[in-house]
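In the numbering used here, the protein residues as written are 671 to 848.
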Amino acid sequence: MELVAMEIEKESCGDPGTPLYGIREGDGFSNHDVLRFECQFGFELIGEKSIVCQENNQWSANIPICIFPCLSNFTAPMGTVLSPDYPEGYGNNLNCIWTIISDPGSRIHLSFNDFDLESQFDFLAIKDGDSVDSPILGTFTGAEVPSHLTSNSHILRLEFQADHSMSGRGFNITYNSE
Ligand SMILES: [Ca+2]
671 MELVAMEIEK ESCGDPGTPL YGIREGDGFS NHDVLRFECQ FGFELIGEKS IVCQENNQWS
731 ANIPICIFPC LSNFTAPMGT VLSPDYPEGY GNNLNCIWTI ISDPGSRIHL SFNDFDLESQ
791 FDFLAIKDGD SVDSPILGTF TGAEVPSHLT SNSHILRLEF QADHSMSGRG FNITYNSE
């Protein structure tokens, strides 16, 4: 019996774990076993929905990650952008995009009232325009409160990414346009 058990052990890919905020179906880690993944409600799965233990004892892919998408547009002439659950900490696995849209020909001013992100792992990037390829006005991390910032165009895009662990207070940014 022990020999058989050892033989099975040799043809195992090992436990790849379960994604944070995810659910795993299947509990076999041997060759040809398949694991399926889903994310908890509200989270978005990035990566492979299922992986198979290959004959080389490697999983066919890494386990997926579950991220919480947050997306909103601001069209009022002034307002406040808060990180999720500010100031209680924004959590993990976030990919947020906020777009501030003012009247064509106007500019948008940002004032940072508070700023506290996990340094080097969570980032806020501010882009001058509405697309992912728009010029970057600044990328911020850590606990140093950035100074005022003014757009060149009438649209600002705020992209916030948080990794899988550790959180700061988050941020509180007010904007106005003229
Ligand atoms: Ca983090």
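Glycine residues also receive a C-beta, built at the ideal position from the N, C-alpha and C atoms.
Contact belief for residue i with residue j at Cβ below 8 Å, rounded distance in angstroms
i: cysteine 709; j: cysteine 740; result: No, cysteine 709 and cysteine 740 are not in contact; Cβ-Cβ is about 15 Å, not under 8 Å.
i: arginine 665; j: histidine 824; result: The requested residue 665 is not part of the displayed model; the chain covers only 671 to 848.
i: arginine 839; j: serine 804; result: Going by Cβ atoms, the distance from arginine 839 to serine 804 rounds to 27 Å, so no, they are not a contact pair.
Residue-level contact to chain D via CB, residue i, 8 Å cutoff
i: glutamate 725; result: This model lacks chain D altogether; it includes just one protein chain.
Residue i vs residue j beta-carbon contact at 8 Å
i: phenylalanine 782; j: leucine 764; result: no
i: phenylalanine 785; j: phenylalanine 841; result: yes
i: serine 730; j: isoleucine 721; result: yes
i: glutamate 681; j: serine 700; result: yes
i: serine 837; j: tyrosine 760; result: yes
i: glycine 696; j: leucine 705; result: yes
i: aspartate 798; j: leucine 807; result: yes
i: leucine 645; j: threonine 811; result: As shown, the chain starts at 671 and ends at 848. That puts residue 645 outside it, with no answer to give.
Endpoints, beta strand (DSSP E) assigned at residue i
i: glycine 692; result: 692 to 695
i: glycine 808; result: 806 to 810
i: valine 704; result: 704 to 709
i: glycine 712; result: Looking at the DSSP string, glycine 712 is not in any beta strand (DSSP E), and its letter there is neither H nor E.
i: alanine 832; result: 825 to 832
i: valine 815; result: Counting along the chain, valine 815 falls outside any beta strand (DSSP E), and DSSP gives it neither H nor E.
Where residue i falls: helix, strand or coil (DSSP)
i: aspartate 798; result: strand
i: glutamate 788; result: coil
i: isoleucine 733; result: coil
i: proline 739; result: strand
i: cysteine 683; result: coil
TODO: Run through the segment 747 to 786 for me and flag every whole beta strand (DSSP E) of 3 or more residues, listed as ranges in chain order.
DONE: Under the rule that a run must span 3 or more residues, the beta strand (DSSP E) segments found entirely inside the segment 747 to 786 read 748 to 752, 764 to 771, 778 to 786.
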